[in-house]
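The next block holds one structure in the form of structure tokens; read it before the comments.
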Amino acid sequence: MSDVAPAMDARAREEAENLRQREFGFWLYLLSDAIIFALLFMTYVVMVDSTAGALTGRHLFSLSNTFLETALLLFSSITFGFAWLSARADRRAHVLGWLAVTFMLGAGFVLLEVNELIGMVEAGAGPGESGFLSAFFTLVGTHGLHVSFGLLFILIMSLQIALRGLNPYAMSRLYRLGLFWHFLDIVWIGIFSVVYLPGIL
Amino acid sequence: MEANSSHDGPSLGRYLTGFVLAAILTVIPFGLVATETLTRDTTLIVIAIAALLQVLVHLRYFLDLNLKTTPRENVLAIAFAAVLIFIMVGGSLWIMLDLNNRMAI
């Protein structure tokens with residue numbers, strides 16, 4: 001009996017270390033993603049005046065739509081925070097509830113954005129019209145795709161927590177999902193500050 | 202097992218503080234663009250400052266980054282990514298703007 005406990009202890013420590021490494025790996029992935037977004041921002045800044053005589057941001061962007069999208073993402077960040085706090089308090093039902101709210105806010109964001117992009121294509125401002133529009137669709141589309149993958153991640157996470165509970169693996173994944181979700185909100189700050197607000201001005 | 206790791210994360214108070222600060226830093230630039238109270242250049246500067254501050258608020262209050270408890274290797278990785286971004290973004294802008302100037306002659 002006496003050496004069972006230390007063996008369990010060693011195993012638990014090994015697993016904790018394993019999870020810690022995964023979290024560091026996810027951190028590295030996020031930083032490489034940040035580099036991709038930095039370069040897409042750079043491309044947009046270079047291309048913003050290359051409108052080829054077609055429509056510019058002033059005609060295409062809507063301040064109220066952008067504000068609504070910003071609000072949805074910011075609220076989804078704080079509701080994710082509430083999900084994380086509930087997870088730390090080991091309240092499974094609360095975690096699932098807050099994740100559902102976060103999912104709906106994120107889905108609202110994606111819906112607004114898809115509507116906006118479709119509206120632009122229908123107004124004759126598709127990604128093929130000018131350098132400005134190519135850069136715009138690439139930057140905003142990449143962010144939108146990330147948010148969509150985040151939504152999928154939230155769904156899978158909710159299923160895991162509902163079926164298996166808040167074990168250390170679920171906690172570690174939820175932690176990584178949180179990094180991802182907050183990171184996407186930070187990228188969105190860049191998008192409304194570099195693309196939408198200067199474009200509307 | 203969770204007690205000593207990065208799993209602690211922000212407290213409720215920190216999340217709420219971060220949220221209020223982020224909301225203020227969002228409303229200011231949107232309000233300025235909507236009302237057009239300042240000149241174009243001043244508004245652009247305010248937008249840039251508000252954006253930088255808000256990024257810092259998110260990093261500090263939502264991602265729980267700080268110099269004390271964030272693992273050293275994570276901070277090093279950020280520094281490395283920042284150097285890469287500086288070289289690639291700075292270098293590309295330099296080349297493209299220079300090219301623009303030469304083509305304009």
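Chains as they are written, first to last, in the working numbering: chain H, 1 to 201; chain D, 202 to 306.
Quick reminder that beta carbons are idealized off the backbone N, C-alpha and C, glycines included.
Could you list which residues in chain H have their beta carbon closer than 9 Å to that of Leu294(D), in chain order?
-> Locating residue 294(D) in the second sequence gives position 93, where the first residue counts as 1. The answer, in chain order, is Met42, Val45 and Val46.
Are the region 282 to 292 of chain D and the region 28 to 40 of chain H touching, with three or more C-beta to C-beta distances below 8 Å?
-> yes
Could you confirm whether any beta carbon from chain H is found closer than 9 Å to the beta carbon of Ile225(D)?
-> Counting from 1 along the second sequence, the entry for residue 225(D) is found at position 24. It does not; no Cβ of chain H falls within 9 Å.
For Leu166(H), return the contacting residues in chain D, with the cut-off set at a CB-CB distance below 7 Å.
-> Along the first sequence, one-based indexing puts residue 166(H) at 166. Taking a Cβ-Cβ cut-off of 7 Å, Leu166(H) has no neighbours in chain D, whose nearest Cβ is about 10 Å from it.
Hey, is Leu211(H)'s beta-carbon within less than 9 Å of any beta-carbon in chain D?
-> As shown, chain H starts at 1 and ends at 201. That puts residue 211(H) outside it, with no answer to give.
Simplified DSSP state of Ser76(H), which is helix, strand or coil = One-based indexing of the first sequence puts residue 76(H) at position 76. Helix.
Between the region 207 to 223 of chain D and the region 245 to 259 of chain D, do three or more beta carbon pairs fall short of 8 Å?
-> yes
If we cut at 9 Å on Cβ distances, does Phe109(H) have a partner in chain D?
-> Here residue 109(H) corresponds to residue number 109 of the first sequence, with the count starting at 1. No, Phe109(H) lies away from the interface with chain D (no Cβ there is under 9 Å from its Cβ).
Within the 9 Å Cβ cut-off, does Tyr169(H) reach chain D?
-> By 1-based counting over the first sequence, the position of residue 169(H) is 169. So, not an interface residue.
Taking all protein chains shown into account, do 16 or more other C-beta atoms lie within 10 angstroms of the C-beta of Ala282(D), making it buried, or fewer, making it exposed?
-> Working through the second sequence from its first residue, we reach residue 282(D) at position 81. Buried, by the Cβ-count rule.
Specify, as a first and last residue, the run of the alpha helix (DSSP H) that His259(D) falls within.
-> Numbered from its first residue, the second sequence carries residue 259(D) at position 58. His259(D) -> no alpha helix (DSSP H), and no H or E assigned at all.
Given that Val290(D) touches chain H, what residues does it touch there, using C-beta distances under 8 Å?
-> Within the second sequence, residue 290(D) is the residue found at index 89, counting from 1. Near Val290(D) (Cβ distances below 8 Å), the residues of chain H are Ala38, Leu39, Phe41 and Met42.
Could you say which of Ser64(H), Ala7(H), Phe109(H) and Ser134(H) lies nearest to Val234(D) if we only look at CA atoms?
-> Taking the second sequence and counting its residues from 1, one reaches residue 234(D) at position 33. Ranking the options by Cα distance to Val234(D), first place goes to Ser64(H).
Count the other CB atoms within 10 Å of the CB of Arg273(D); is the residue buried (16 or more) or exposed (fewer)?
-> The residue labelled residue 273(D) in the question sits at position 72 within the second sequence. Its Cβ having fewer than 16 others within 10 Å, Arg273(D) is exposed.
Going by the beta-carbon positions, is the gap between Gly97(H) and Leu72(H) smaller than 9 Å?
-> Working through the first sequence from its first residue, we reach residue 97(H) at position 97. Working through the first sequence from its first residue, we reach residue 72(H) at position 72. No; because the gap between Cβ atoms is not below 9 Å, this pair is not in contact.
Neighbourhood of Tyr175(H) by C-beta distance below 7 Å, restricted to the same chain and skipping five residues each side = Locating residue 175(H) in the first sequence gives position 175, where the first residue counts as 1. If we look at Tyr175(H) and ignore the five residues flanking it on each side, its Cβ neighbours are Glu23.
What residues in the region 7 to 24 of chain H have a beta carbon less than 8 Å from any beta carbon of chain D?
-> Ala12, Ala16, Arg20, Glu23 and Phe24
Closer than 9 Å by beta-carbon distance: list the chain H residues that pair up with Ile229(D), in chain order.
-> For this step, residue 229(D) is matched to residue 28 along the second sequence. By Cβ distance, chain H contributes nothing, its closest Cβ being about 11 Å from Ile229(D), past 9 Å.
For Pro198(H), count neighbouring C-beta atoms within 10 Å of its own C-beta (all shown protein chains included) and say buried if the count is 16 or more, exposed if not.
-> Mapped onto the first sequence, residue 198(H) falls at position 198. Classification for Pro198(H): buried.
For the region 188 to 199 of chain H, which residues have a CB atom closer than 9 Å to at least one CB atom of chain D, in sequence order?
-> Ile189, Gly190, Phe192, Ser193, Val194, Tyr196, Leu197 and Pro198
Using Cβ-Cβ distances below 8 Å, what residues of the region 253 to 281 of chain D are close to chain H?
-> Gln255, Val256, His259, Leu260, Phe263, Leu264, Pro272, Glu274, Asn275, Ala278, Ile279 and Phe281
Between Thr79(H) and Leu105(H), which are expected to be in contact by the criterion C-beta below 8 Å, what is the C-beta distance as a whole number of angstroms?
-> Translated into positions along the first sequence, residue 79(H) becomes position 79. Translated into positions along the first sequence, residue 105(H) becomes position 105. Yes, Thr79(H) and Leu105(H) are in contact; Cβ-Cβ is about 6 Å, under 8 Å.
Mind listing the chain D neighbours of Ser77(H)? Cutoff is C-beta to C-beta under 7 Å, in chain order.
-> Counting from 1 along the first sequence, the entry for residue 77(H) is found at position 77. Going along chain D in sequence order, the residues near Ser77(H) (Cβ under 7 Å) are Phe263.
Are the region 185 to 195 of chain H and the region 132 to 150 of chain H in contact at 8 Å, needing three or more beta carbon pairs?
-> yes
When the Cα atoms are used, what is the spatial distance from Ala252(D) to Arg11(H)?
-> To locate residue 252(D), count along the second sequence from 1; it is residue 51. To locate residue 11(H), count along the first sequence from 1; it is residue 11. Distance between the alpha carbons of Ala252(D) and Arg11(H): 45 Å.
Reduced DSSP secondary structure (H/G/I, E/B, other) of Glu237(D) = On the second sequence, position 36 is the one that residue 237(D) refers to. Residue state, collapsed to three classes: coil.
So, Asp265(D) versus Arg88(H), is the Cβ gap smaller than 9 Å?
-> For the purposes of this step, residue 265(D) is taken as residue 64 along the second sequence, with counting starting at 1. For the purposes of this step, residue 88(H) is taken as residue 88 along the first sequence, with counting starting at 1. It is not a contact, given that the beta carbons lie outside the stated cut-off.
Does Met304(D) come within less than 9 Å of chain H when only Cβ atoms are used?
-> Taking the first residue of the second sequence as position 1, residue 304(D) is located at position 103. No, Met304(D) lies away from the interface with chain H (no Cβ there is under 9 Å from its Cβ).
For Glu129(H), which three-state DSSP category applies?
-> In the first sequence, the residue the question calls residue 129(H) occupies position 129. Coil at Glu129(H), not helix or strand.
Under 9 Å between C-beta atoms, does Ile35(H) make it to chain D?
-> The residue labelled residue 35(H) in the question sits at position 35 within the first sequence. Chain D, which has a Cβ nearer than 9 Å to the Cβ of Ile35(H), makes this yes.
Compare the Cα-Cα distances from Gly57(H) to each of Trp181(H), Gly126(H) and Leu151(H) and report the closest residue.
-> Start at 1 with the first residue of the first sequence, and residue 57(H) comes out as number 57. The residue with the shortest Cα to Cα distance from Gly57(H) is Gly126(H).
So, helix, strand or coil for Gly53(H), using DSSP?
-> Here residue 53(H) is taken as the residue at index 53 of the first sequence, counted from 1. Here Gly53(H) sits in coil by DSSP.
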